[in-house]
Every structure is written in C-alpha cells, then in structure tokens.
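Since the structure comes first, as structure tokens, the remarks are kept for the end.
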Amino acid sequence: NAGVTQTPKFQVLKTGQSMTLQCAQDMNHEYMSWYRQDPGMGLRLIHYSVGAGITDQGEVPNGYNVSRSTTEDFPLRLLSAAPSQTSVYFCASSLDRRTKKLFFGSGTQLSVL
Amino acid sequence: AQKVTQAQTEISVVEKEDVTLDCVYETRDTTYYLFWYKQPPSGELVFLIRRNSFDEQNEISGRYSWNFQKSTSSFNFTITASQVVDSAVYFCALSEGNTGTASKLTFGTGTRLQVTL
Chain A
256 NAGVTQTPKF QVLKTGQSMT LQCAQDMNHE YMSWYRQDPG MGLRLIHYSV GAGITDQGEV
316 PNGYNVSRST TEDFPLRLLS AAPSQTSVYF CASSLDRRTK KLFFGSGTQL SVL
Chain B
640 AQKVTQAQTE ISVVEKEDVT LDCVYETRDT TYYLFWYKQP PSGELVFLIR RNSFDEQNEI
700 SGRYSWNFQK STSSFNFTIT ASQVVDSAVY FCALSEGNTG TASKLTFGTG TRLQVTL
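Chains as they are written, first to last, in our numbering: chain A, 256 to 368; chain B, 640 to 756.
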C-alpha cells in the first residue's frame, strides 16, 4: 500500500493562477480531508469529505474547492491563487468513524508570488 | 467551539533529560477524542496516540507516556530519557465525538522540541 499520496511536492504559482493539488489513498478510507499548515498556527482544516459525493467546509475554506467523485481521490483546487495561500498543504484520510486516526500525506509546499 | 492550546512554543533539553509537553483543550462535547502527532524535520505527520474522553487511564509506550486529566482538560505528553531523534514538532489535536466528523481535527499550534547532545 502506498498510503496517502500527494502531488506535487513543491509548486510555485503567480498570483491569479489556478491549480489542483492531487491526493489519492489506496486504503479504501471513507474519510478524507485537507489541512494547511502555517507557521505559528498549527494545522487548519480547509475541506473534508465523509464519502464519495459528499464534501463540507472546514475552518478556512475560502479560495478553495474540492470534489470527491471516487473513494480514492480528493483533489483540492485553488481557483485564483493569492499570496495568503502560501502554505504547506496536507491531505489526510481515516479508516472509519470509530478509529478517527488520520493518515497524512507527505505534504505539498506551495508558494504564491 | 473547540480549542487546543499548546502554550510551550519551543523546548530545548539535553539528551537523557525527561520532558513534558503540555496540552490544554476546550470543548462542549461530552464525547471527544484527543491525539498527539509528531512532525520530524522531514515534514511528515506521524500518529502517536488517540484517547477518547471516557478513558482516563494513563498510557505508556516505551519512553512515551500520556497523562489525560478531564478535571483540568489536559492531555500532557512526557518523553522519558529524551534522544536526539525525538527532535520534532509535536501537535496535540481534538476531535468531537460525532461519528460523521472523523476527519475534523482541531490542532494546537505545536511545540518544537530540540534535543541536543
């Protein structure tokens, strides 16, 4: 099993550009989520999904879109990148409602100039 | 609203010292889960422990131990005989008990632990 795979690992964007951060898991996990990590602020939840076709907003959803067409994939789209979106992004998944243990991807470091 | 406070921003210890990382949480839920994650310099997040609100037993795993006290809303993490490999940022996190929110964790701001020789 590869676990949670995020691509790309690094990305530089110009203000106004759009892009999609990819996240895939091969553990048949029902729950998936996106977090951003900023210095001094810990990790903050952007969006999450409790199953294919179901998504919801987290703490900091503005400027991001998600969709969950399959159990395996949970891409995060930046619609019009802004310097405030410079951050490290983590995708995570969890097996079921009972365990609540999150498995994290290795992260994507995004810089918006 | 849920909140997790890790008041210690950075701790430096010499190898073999014991160190305790503090975590204080706030929640209105009677059922909730507490976690600790480790983020080594390589950047990945590693799960260390999960505790539910009905289980106040302290847990020990090798050099790691956790002290959960509902009376003070704290879930502290102690590393005994610290080693250089323990150098990392440690995050405490809280999840509500609702089974529909398994991916929703509220994280503290983290404590950076530096262990030197």
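Just so it is clear, CB atoms sit at the ideal spot from N, CA and C, and this is done for glycine as well. Note that this is a predicted model, so its numbers are computed, not measured.
- Nearest to LEU733(B) by C-alpha distance, out of VAL724(B), PHE707(B) and SER681(B), is PHE707(B).
- For THR748(B), the chain A residues whose Cβ falls inside 9 Å of its Cβ are GLY295, MET296 and GLY297, in order along the chain.
- VAL754(B) carries a strand assignment under DSSP once its states are collapsed to helix, strand and coil.
- For ALA336(A), not one C-beta of chain B is nearer than 9 Å to its own C-beta.
- For PRO294(A), the closest C-alpha among the options GLN340(A), PHE359(A), SER361(A) and LEU331(A) is that of GLN340(A).
- If the five residues before and after THR748(B) are omitted, its C-beta is found closer than 6 Å to the C-beta atoms of GLN645, all from its own chain and listed in chain order.
- GLN292(A) counts as buried, since no fewer than 16 other beta carbons sit within 10 angstroms of its beta carbon.
- Judged by DSSP in its simplified three-state form, VAL315(A) adopts coil rather than helix or strand.
- CA-CA distance, ALA336(A) to ILE688(B), rounds to 36 Å.
- Under the DSSP assignment, MET296(A) falls outside any beta strand (DSSP E); it carries neither an H nor an E label.
- The beta carbon of SER361(A) sits closer than 9 Å to some beta carbon of chain B.
- In this structure, the beta-carbon distance from SER322(A) to VAL259(A) does not fall below 9 Å.
- Contact between the segment 656-674 of chain B and the segment 295-304 of chain A is absent: fewer than three C-beta pairs spanning the two stretches fall below 8 Å.
- For LYS677(B), the secondary structure class from DSSP, reduced to helix, strand or coil, is strand.
- Interface annotation, TYR290(A): in contact with chain B, CB-CB separation under 9 Å.
- According to the DSSP assignment, LEU368(A) belongs to no beta strand (DSSP E), since it is labelled neither H nor E.
- Within the same chain, GLN364 come within 6 Å of PHE265(A) by CB-CB distance, once the 5 residues on both sides are set aside.
- The three-state secondary structure of ASP328(A), taken from DSSP, is strand.
- The segment 308-323 of chain A makes no contact with the segment 649-657 of chain B; the number of CB pairs closer than 8 Å stays below 3.
- Per the DSSP secondary-structure output, PHE716(B) pairs in a beta bridge with LEU660(B) and TRP705(B).
- Note that the segment 679-688 of chain B touches the segment 709-728 of chain B; at least 3 beta-carbon pairs, one per stretch, sit closer than 8 Å.
- Identification of residues in the segment 313-346 of chain A having a C-beta nearer than 9 Å to some C-beta of chain B yields GLY313, GLU314, VAL343 and PHE345, given in sequence order.
- Remark: C-beta atoms of ASP657(B) and THR750(B) do not approach each other more closely than 9 Å.
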